[in-house]
Amino acid sequence: MTTPHFFAVATIGAAVATIASPATAQTTAPASKTKVETTAATQEKIELSGAELWTLNCNRCHMIRSPGEFTAAQWEAIMMHMRVRANIPAAQAREILKFLQAGAGK
Amino acid sequence: MRRPDHPIVNRTITWGFVGLSLLATSFASFGQEPASASDYVSRAEYDKLKAEHEALKQEMDELKTAVRQMANGTVPAIPAEGPSTAKATSPEGKQLVTTTTAPAASDAVPIETSGPLATHSFSIVGDAEFQFGKISHQHGAFMFADFAPIFLFRGGDRILFEAGFDFTIQNNAPGSSGYATTLNLSFATIDYIINDYVTFTGGNMLLPLGTYSERSAGWLNKFPDAPLPRSVLPGNGIGVQLRGGIPLGEKGASLTYSGFVINGPGSMDGSGDAGQLDLGGNVGLTSDGKLTNNLHGGAGEGGRVAIFWPWKPQYDLEVGVSGMSSRYDNAGRQQYNAGVVDASLHLGPSVEVKGEYMNTWVGTDNAGTIRPRGWWVQGGYKLAGLKLGLPYLDKLELVGRYDTVNDALGTWTKRGTVGAVYYVTNTLWLEGDYEFTSNRGPNPAPDDSLLFQISYGF
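Residue numbers (this note's numbering), protein chains in the order written: chain L, 262 to 367; chain F, 144 to 601.
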């Protein structure tokens, strides 16, 4: 009875903590000083390239989809779809999108 | 919008030219001359504007995005976006955004908006399945299984509308002729990216209870049907959700979360009696259109947290725990609770193993708390891993699954499935499976069956 409640509360708690965390407040930051700090905080250091992140992330739920299968504009919508569906961290999603668009079909 | 007093008129003209020069830059790839500007402005004016444009370009992220989109040919006539000047940037760093309708530069009017304008784009993706089934002691039949388009509508960098539909056809009831086409809404949500770590989703959502519902399109599932124990969990819910992913380290690992609040399940006859739980109902509107509220007045809440851990390309483990809790009877006295553990493992390009364990606790008026539960595990091995270099075998994956469900009303079903997937392309598959089913309890066991399916993702 209480176990599932715990899961629910824990996940919602995690979400709330994430919103409340100052590192993510870049959209609401009122003072320019905070803005500078938060910009630095959101620039996640990613060691892996877009291509590497693509091979890590994009063939675990389905067969990998190649850059040439869609146009650059379609990839924009599809990557948004996948980012949300797979909870892919934003910085990684951006690198993957760049890689896909660079090789996109016409 | 502001009144066109003198300075504004000047600004309008200036902005008209900035707009023009932007357009010119972005279309430079088409080899066009910079908009025959010499007919209207002197070289010096043009150079000055060009310099201003360069400065603006550095400052404005939005501008960069817009220019890049134009270069992609996505929205050639997109209004140029950007703050009017550095002066318009208030001390707090708030930005006023001025938009200029680029093609008609001469009568362009600056409009203040609260943010960058959306660039809209629309795509149709999805999947289709076609089945041939042979159930023991019955005739084999071709079945059109499913046509499932997904509409993706992207409105700018933050908003995505996604809606998935299922079209299927079925024979009419024995004794009547013809067939019926059913159209189901599998999901329809609006996703709003709040920031790098949080996305808001609202609508009819696939629920993150385990992973199956969110990852079940025909060209994703290596079997033609769903694991049996999914019947103890709701696949969808109407409500809202916050979700996102947080990177862990720099090797691509992440912590992901989803938390939702939905109407929750309902009860078929309204009571809290055993067997009346309706996991698919309670969408907020009854068929007579009268009741536009939650059947039991309580909300259901739940979520999932997971860790995705790749240690080298194609080697990764994902483990998640999820659960939900809700009232379900009309009186709001009885509770439905669910807990799920899911895992998925890849060992190189050829080996995949995944599964889920789910347990539910359903309070009833007449049978105390019952526990419908089950689990499934499936594995796949791609023969390409054997490096035989044989053209057809290299495209084959052998798959196996074991699934079991106990409905807690007396029936316990077990099933073993063996099969193969032949990959014509990455999204066009031929699947063949044999399912052995056995059970204990009052409900008759489904017969063993042989299924072939063509799945296509587009």
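Ideal Cβ positions, reconstructed from N, Cα and C, are used throughout, including at glycine.
No experiment lies behind these values; they were computed from the predicted model shown.
In the DSSP assignment, the beta strand (DSSP E) including residue i goes from what residue to what residue?
| i | result |
| --- | --- |
| L/F331 | First-last for L/F331: undefined, no H or E at that position. |
| F/K497 | V494 to G506 |
| L/G311 | No beta strand (DSSP E) holds L/G311; the alpha helix (DSSP H) holding it covers G311 to N318. |
| F/L571 | L571 to R583 |
| F/K538 | That residue, F/K538, is in no beta strand (DSSP E); it is neither H nor E in DSSP. |
| F/M286 | A284 to G298 |
| F/M348 | T342 to L349 |
| F/A481 | Q478 to L490 |
| F/W362 | Looking at the DSSP string, F/W362 is not in any beta strand (DSSP E), and its letter there is neither H nor E. |
| F/A563 | W555 to Y566 |
| F/R516 | R516 to K525 |
| F/G448 | According to the sequence shown, residue 448 of chain F is Val rather than Gly. From DSSP, the beta strand (DSSP E) with F/V448 extends over G443 to K455. |
Between residue i and chain L, is any beta-carbon pair separated by less than 8 angstroms?
| i | result |
| --- | --- |
| F/S172 | Below a pLDDT of 50, predicted positions are generally treated as unreliable, and F/S172, at 35, falls in that range; the measurement from the model is reported next regardless. With 8 angstroms as the cut-off, F/S172 does not count as an interface residue toward chain L. |
| F/T324 | no |
| F/R571 | Position check: residue 571 of chain F holds Leu in this sequence, whereas Arg was assumed. No - not a single Cβ of chain L is within 8 angstroms of the one on F/L571. |
| F/N582 | no |
| F/E357 | yes |
| F/A442 | no |
| F/S264 | yes |
| F/L363 | yes |
| F/S493 | no |
| F/L295 | yes |
| F/S598 | no |
| F/H489 | yes |
For residue i and residue j, which I take to be in contact (beta-carbon distance under 8 angstroms), what is that distance rounded to the nearest angstrom?
| i | j | result |
| --- | --- | --- |
| F/Q521 | F/K365 | 7 angstroms |
| F/T503 | F/R516 | 6 angstroms |
| F/N509 | F/D412 | That pair is no contact at about 12 angstroms. |
| F/S401 | F/G446 | 5 angstroms |
| F/G528 | F/P492 | 7 angstroms |
| L/I339 | F/G388 | Wrong, their Cβ atoms sit about 17 angstroms apart, outside the cutoff. |
| F/L541 | F/P367 | Their Cβ separation, rounded to whole angstroms, is 15 angstroms, which puts F/L541 and F/P367 out of contact at 8 angstroms. |
| F/Q478 | F/S468 | 7 angstroms |
Is it true that the CB of residue j sits closer than 8 angstroms to the CB of residue i?
| i | j | result |
| --- | --- | --- |
| F/R583 | F/A551 | no |
| F/G523 | F/E495 | yes |
| F/A449 | F/V462 | yes |
| F/D270 | F/Y500 | no |
| F/H617 | L/R321 | Missing from the structure shown is residue 617 of chain F; chain F here goes from 144 to 601 and no further. |
| F/T560 | F/D576 | yes |
| L/G366 | L/G329 | yes |
| F/F94 | F/N379 | The requested residue 94 of chain F is not part of the displayed model; chain F covers only 144 to 601. |
| F/Y471 | F/G407 | yes |
| F/K394 | F/P453 | yes |
| L/A334 | F/S264 | yes |
| F/P370 | F/D590 | no |
| F/F290 | F/F304 | no |
| L/A352 | F/P390 | yes |
| F/Y335 | F/I302 | yes |
| F/Y565 | F/L539 | yes |
| F/F287 | F/I267 | no |
| F/R186 | L/E337 | no |
| F/G120 | F/P372 | Residue 120 of chain F falls outside the range modelled here, since chain F spans only 144 to 601, and no answer is possible. |
| F/M348 | F/T332 | yes |
| F/A360 | F/V404 | no |
| F/G276 | F/S581 | no |
| F/H439 | F/G418 | no |
| F/P585 | F/G553 | yes |
Quick check: is the beta carbon of residue i nearer than 8 angstroms to any beta carbon in chain F?
| i | result |
| --- | --- |
| L/L361 | no |
| L/E298 | At L/E298, the pLDDT of 39 sits below 50, so the modelled position is not reliable; the number obtained from the coordinates is stated separately. By this cut-off, L/E298 is not an interface position. |
| L/A269 | Here L/A269 scores only 47 on pLDDT, less than 50, and its place in the model is too uncertain to base an answer on. |
| L/I339 | yes |
| L/I349 | yes |
| L/Q353 | yes |
Along the chain, where does the alpha helix (DSSP H) containing residue i start, and where does it finish?
| i | result |
| --- | --- |
| L/F360 | A351 to A363 |
Kindly indicate if chain B contains any beta-carbon less than 8 angstroms away from that of residue i.
| i | result |
| --- | --- |
| F/E188 | Included in the structure are the protein chains L and F, with no chain B among them. |
>> Against chain L, which members of the segment 330–350 of chain F pass a CB distance test of less than 8 angstroms?
In response: D334, I336, I337, N338, D339, Y340, V341, T342 and T344
>> So if I threshold CB-CB distances at 9 angstroms, which residues from the segment 304–333 of chain L count as touching chain F?
In response: Of all residues in the segment 304–333 of chain L, E305, K306, I307, E308, L309, E313, L314, T316, L317, N318, N320, R321, C322, H323, M324, I325, R326, S327, E330, F331, T332 and A333 have a Cβ within less than 9 angstroms of some Cβ in chain F.
>> At a CB distance below 8 angstroms, what residues from the segment 381–403 of chain F approach chain L? Give them in sequence order.
In response: Going along the segment 381–403 of chain F in chain order, one finds L385, R386, G387, G388, I389, P390, E393, K394, G395, S397, T399, Y400, S401 and G402 with a Cβ nearer than 8 angstroms to chain L.
>> If the cut-off is 8 angstroms on Cβ atoms, which residues from the segment 452–465 of chain F count as contacting chain L, listed in chain order?
In response: P453, P456, Q457, D459, E461, V464 and S465
>> Beta carbons nearer than 7 angstroms to chain L: which residues of the segment 297–316 of chain F have them?
In response: R297, L303 and E305
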